[in-house]
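Protein chains in written order, with our numbering: chain L, -11 to 251; chain A, -11 to 251.
Have a look at this one:
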């Protein structure tokens, strides 16, 4: 009956929460968004690890039975370093996304887009190569995509032009599958689809992560079958900004957004 | 002989450092950029004040004789609340920029552009109205300008299109003077000038701030006339990223960039 803990640098992780609610409607969820220190995508590995540990300790105070890292940068930089430190099971978004992409590609050419941190970590590439060493991976950072999404520039000339420039290396590499390696990017699916062409598959980790969470909870006998699916949202700054943006990611308004100092 | 302390949320404050070095070549400077928590422009007043106090305490450990807040968001949100708490004199960038704009306008219509925080605070407007209640102020937030500058998109179709959209209210208001109310914006001067027209004056606080610092140091008998003009840079994250970007703001490469934990 204990809740699932989910954290992200800000609001993007709500795309994962949306899938968790859909697939596990009885689970209670405690979400933490580190909006005082957002974004993480431009920050160093060392700093991302420090912030992540602080976020995990915050969630543990809420007696979570499981932690889902709903942020690609954290999953890339911090998860490998910290997952063995804690008793609570922790999953990230990299493995599920990589698996789905390897399953989806026909020509064994996968593109990865993400923040500077995610791309620099090469986490997707390493995971994909382990699953299938023959896959060729082309990875590019798209640092303006997060500001575009947060400012609501989801279509039009500006975002198209930037997307064309960012995605050109993926077109040149003739990838048939692209991993949307940042929780903000699913909101840019239409423009990415238009640039890449309709035959290119776009992989959004959120769905796969929820499947993985479901599987692990079941195997550990931790599923909540009778809960009412309560969600509580905590942020380290700007609860109003979070609530305003949340609708865009969650598909419905958020209530219960509380500001806390996590450090 | 003690150094001047300068801080900013990140790298933008270097436009002020550049002017300080030019106008006060004998002064030693200790700069702190809070790159672990950058940007401040989207964060709440309460959080910006908390971070600012931590940054000031860090600079005080370096025995600074004077503190210059080289960040419009901090100057807007935090300076009025904290300047009386500390013995050390503290100046921000709002008053000098507002004064210069009031002096420059002919038609008494001033535009202000800045981060969401700076615009929401109405700090420039309040300062201008105090100097001349007849001036009409039109203020707009330009949240994509900082990411553009940091990603090196300083000209071209994308930044022009966004600038046209952001600046339209200033054109509609027929302002003859625009305050570049964010230390990143001077790097976009050419595109802003093109959109606003060549007769519109662009006010960049950095120069005025350095004049003010000079004046206060002289009046308090704190000028360093024999120093060698050493500059030390401290950041809370990513010294390499800071060094790479610094050249764009400072006009020369930075050395002595050290990573510290300010909290």
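We put the beta carbon where it would ideally sit given N, CA and C, even for glycine. In this text the structure is predicted, and so the values were computed from the model without any measurement.
Query - Identified DSSP bridge partners for residue 21(A) - result: Note: residue 21(A) sits in a beta bridge opposite -4(A), 223(A).
Query - Ranges of the beta strand (DSSP E) found wholly within the stretch 71 to 150 of chain L, counting only runs of at least 3 - result: Listed in chain order, the complete beta strand (DSSP E) runs (minimum 3 residues) inside the stretch 71 to 150 of chain L are 97 to 102, 124 to 129.
Query - Within chain A, the residues that residue 157(L) reaches when beta carbons sit closer than 7 Å - result: By Cβ distance, chain A contributes nothing, its closest Cβ being about 16 Å from residue 157(L), past 7 Å.
Query raised in the report: Closest by CA to residue 215(L), which one among 0(L), 134(L), 17(L), 246(L)?
Result: Out of 0(L), 134(L), 17(L), 246(L), 17(L) has the C-alpha closest to the C-alpha of residue 215(L).
Query raised in the report: With burial defined as no fewer than 16 other Cβ atoms inside 10 Å of the residue's Cβ, what is the status of residue 10(A): buried or exposed?
Result: Residue 10(A) counts as exposed, since fewer than 16 other C-beta atoms from the protein chains shown sit within 10 angstroms of its C-beta.
Report task. Could you tell me whether the Cβ of residue 226(A) comes closer than 8 Å to any Cβ of chain L? Result -> Yes, residue 226(A) lies at the interface with chain L (some Cβ there is under 8 Å from its Cβ).
Query raised in the report: With residue -1(A) and residue 237(A) assumed to form a contact (beta carbons below 8 Å), what rounded beta-carbon distance in angstroms separates them?
Result: Contact between residue -1(A) and residue 237(A) holds: their C-beta atoms lie close to 6 Å from each other, under 8 Å.
Query raised in the report: Which whole runs of the alpha helix (DSSP H) in the stretch 179 to 219 of chain A are 4 residues long or more, in chain order?
Result: Complete alpha helix (DSSP H) runs here, min 4: 193 to 207.
**Report entry** Beta carbon proximity, residue 163(L) to chain A, threshold 8 Å
**Finding:** Residue 163(L) is outside the set of residues whose beta carbon lies under 8 Å from a beta carbon in chain A.
Query raised in the report: Rounded to whole angstroms, how far is the Cβ of residue 102(L) from the Cβ of residue 169(L), which I believe are closer than 8 Å?
Result: Under the criterion of beta carbons closer than 8 Å, residue 102(L) and residue 169(L) qualify as touching, at roughly 3 Å.
Query raised in the report: Cβ of residue 32(A) less than 8 Å from any chain L Cβ?
Result: So yes, residue 32(A) belongs to the interface.
Query raised in the report: Counting contacts by CB-CB distance shorter than 8 Å, is residue 241(A) in contact with chain L?
Result: Not an interface residue.
Report task. Give the straight-line distance between the Cα atoms of residue 100(A) and residue 43(A), rounded to the nearest whole angstrom. Result -> Cα atoms of residue 100(A) and residue 43(A): separation of roughly 26 Å, rounded to the nearest angstrom.
**Report entry** Cβ neighbour criterion (16 or more within 10 Å) applied to residue 241(A)
**Finding:** Around the beta carbon of residue 241(A), fewer than 16 other beta carbons lie within 10 angstroms, which makes this residue exposed.
Requested in this report: With DSSP as the reference, please indicate the residues paired to residue 57(A) in a beta bridge.
Outcome: The partner list for residue 57(A) (beta bridge, DSSP) reads -5(A).
Query - residue 6(L) - DSSP class collapsed to helix/strand/coil - result: Correct three-state label for residue 6(L): helix.
Query raised in the report: Taking the beta strand (DSSP E) that residue 167(L) falls in, what are its first and last residues?
Result: First-last of the beta strand (DSSP E) with residue 167(L): 165 to 169.
Report task. List the residues of chain L that residue 69(A) touches, going by C-beta distances under 7 Å, in chain order. Result -> Per Cβ cutoff of 7 Å: no residues; residue 69(A) is ~17 Å from chain L at best.
Query raised in the report: What is the rounded straight-line gap between the Cα of residue 33(A) and the Cα of residue 106(A)?
Result: Spanning the two alpha carbons is a distance of roughly 10 Å.
Requested in this report: Would you kindly report the start and end of the unbroken alpha helix (DSSP H) that includes residue 36(A)?
Outcome: Looking at the DSSP string, the run of the alpha helix (DSSP H) that includes residue 36(A) is 33 to 49.
Query raised in the report: Skipping 5 residues on each side, what residues in its chain have a beta carbon closer than 7 Å to that of residue 192(A)?
Result: Once the five neighbours on either side are set aside, the close Cβ partners of residue 192(A) are 168, 174.
**Report entry** Option nearest residue 13(L) by Cα separation, candidates 127(L), 55(L), 212(L), 172(L)
**Finding:** Of the candidates 127(L), 55(L), 212(L), 172(L), the one whose C-alpha sits nearest the C-alpha of residue 13(L) is 212(L).
Query raised in the report: Taking C-alpha atoms, which residue in 69(A), 112(A), 73(A), 77(A) lies nearest to residue 90(A)?
Result: With distances taken between Cα atoms, residue 90(A) lies closest to 112(A).
Query raised in the report: In chain order, what residues of the stretch 131 to 147 of chain L put their CB closer than 7 Å to some CB of chain A?
Result: Within the stretch 131 to 147 of chain L, the residues whose Cβ lies closer than 7 Å to some Cβ of chain A are 131, 132, 135, 139, 145, 146, listed in chain order.
Report task. Please determine, among 20(L), 65(L), 51(L), 54(L), the residue with the shortest C-alpha to C-alpha distance to residue 30(L). Result -> Of the candidates 20(L), 65(L), 51(L), 54(L), the residue whose Cα lies closest to the Cα of residue 30(L) is 65(L).
Query raised in the report: Taking only beta-carbon atoms, is residue 219(A) less than 8 Å away from chain L?
Result: No - not a single Cβ of chain L is within 8 Å of the one on residue 219(A).
Query - Cβ shell of residue 117(A) (< 8 Å), same chain only, five flanking positions each side left out - result: 123, 125.
Query raised in the report: What residues in the stretch 86 to 115 of chain L bring their beta carbon closer than 8 Å to a beta carbon of chain A?
Result: For the stretch 86 to 115 of chain L, no residue has a beta-carbon sitting nearer than 8 Å to a beta-carbon of chain A.
Requested in this report: For residue 35(L), decide whether its Cβ has a neighbour in chain A, counting only Cβ atoms nearer than 8 Å.
Outcome: True, the Cβ-Cβ gap to chain A drops below 8 Å.
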